[in-house]
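The numbers in the numbering used here rise by one with no breaks, and the one at position 94 of the sequence shown is 239.
Built from N, CA and C at the ideal position, the CB exists for glycine as well.
Here the structure is a predicted model, which is why all the values come from computation and not from measurement.
Report on the following structure.
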Amino acid sequence: MRFRPCIDLHRGVVKQIVGATLSDNASDAVQTNFEAQKSAAWFADRYRRDHLTGGHVIQLGPGNADAAREALSRWPGGLQVGGGIDETNAAQWLDAGASHVIVTSWVFHDGRIHMRRLEALSRKIGKARLVLDLSCRKRGEKYLVATNRWQTFTDEAVTHALMDRLSAYCDEFLIHAVDVEGRCAGIETELVEYLGQWQGLPVTYAGGISSQHDIDQIESLGRGRIDFTVGSALDIFGGGGLRYDDLARRYGP
């Protein structure tokens, strides 16, 4: 189990937000837990210093491309990038220094998996450079993949069968539990346990982590197979529940 650092960008600034409050409407209020005074590049430099690979830069809406490129240039090959990625620009982001591109909305189109798009993208950049984001929200008994800044439910549930099917086209999965994202109120234990039962590609979980107890739960329920990322609870993002230096030392390289 590894600690995967993050750089979440909203309107060009590193922020930690409550994921479920994101909206396509610019006038809607987004609940922000933390807004950094330091640049995305500063965080990338720190992750590079600590040799933390496999972290992700997520562009939450427009206005983030410059900050994302600057971060990637500081830790080339050390960070993945997501947000607005499709077949037309994926190679450009890899050229900018991303180890992988992270894709959701372009592949999960009109509520279903658009296999032709997925196949074309995987073929164009190579399976080894693609991460599929299966971030999800619970509806009934299912965790449904959510797109468009996590506001749109698809008809695709996160299942072992789905992950088996998609594994032919990607290198990893990133899964935010959107309903608890940014709330620092505990993880989605049911989802983590289910993911831990799958024996396949690397999976990174995000959402609700507030303390070492939550990380210990991920390790136990996930059977040591699931990596994790921490946002609002981390001291470098204004949190009081976890220290970045402790996680980098314990769960880093």
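{"Query": "Length at least 3, wholly inside the stretch 199-232: the beta strand (DSSP E) runs in chain order", "Result": "200-204 and 224-227"}
{"Query": "heavy atom of the ligand ATP below 6 angstroms from L197 C-beta", "Result": "Summarising the ligand content, the structure contains no ligands, and the ligand ATP is consequently not present."}
{"Query": "Proximity below 7 angstroms, CB of Q342 to CB of V276", "Result": "no"}
{"Query": "Residues that L336 bridges to, as DSSP identifies them", "Result": "Answer is none; L336 lacks a bridge partner."}
{"Query": "Alpha-carbon to alpha-carbon, P150 and T374", "Result": "6 angstroms"}
{"Query": "Where R156 falls: helix, strand or coil (DSSP)", "Result": "coil"}
{"Query": "Terminal residues of the beta strand (DSSP E) in which L307 lies", "Result": "Looking at the DSSP string, L307 is not in any beta strand (DSSP E); the run it does join, the alpha helix (DSSP H), is H305 to L311."}
{"Query": "Residues sharing a beta bridge with Y350, DSSP", "Result": "I320 and F373"}
{"Query": "For R261, three-class secondary structure by DSSP", "Result": "helix"}
{"Query": "Bridge partner(s) assigned by DSSP for E180", "Result": "K160"}
{"Query": "Presumed contact (8 angstroms Cβ cut-off) between L154 and A186, rounded CB distance", "Result": "Rounded, the Cβ-Cβ distance is 11 angstroms, inconsistent with contact."}
{"Query": "Chain-order list of residues whose beta-carbon lies under 6 angstroms from that of G256 (same chain, five-residue window excluded)", "Result": "T299 and D300"}
{"Query": "Euclidean distance between Cα positions of G199 and S312", "Result": "18 angstroms"}
{"Query": "Sequence-distant residues of its chain with Cβ nearer than 8 angstroms to Q362 (five each side left out)", "Result": "I332, T334 and V337"}
{"Query": "Closest Cα partner of L379 within the set R156, K160 and L346", "Result": "K160"}
{"Query": "Sub-7 angstroms separation of G327 and N209 beta-carbons", "Result": "no"}
{"Query": "Start-to-end residues for the alpha helix (DSSP H) that takes in I363", "Result": "Q357 to L366"}
{"Query": "Inter-residue Cα distance where the pair is I381 and Q182", "Result": "11 angstroms"}
{"Query": "Residue nearest to V325 in terms of C-alpha spacing, selected from T292, T304 and S280", "Result": "S280"}
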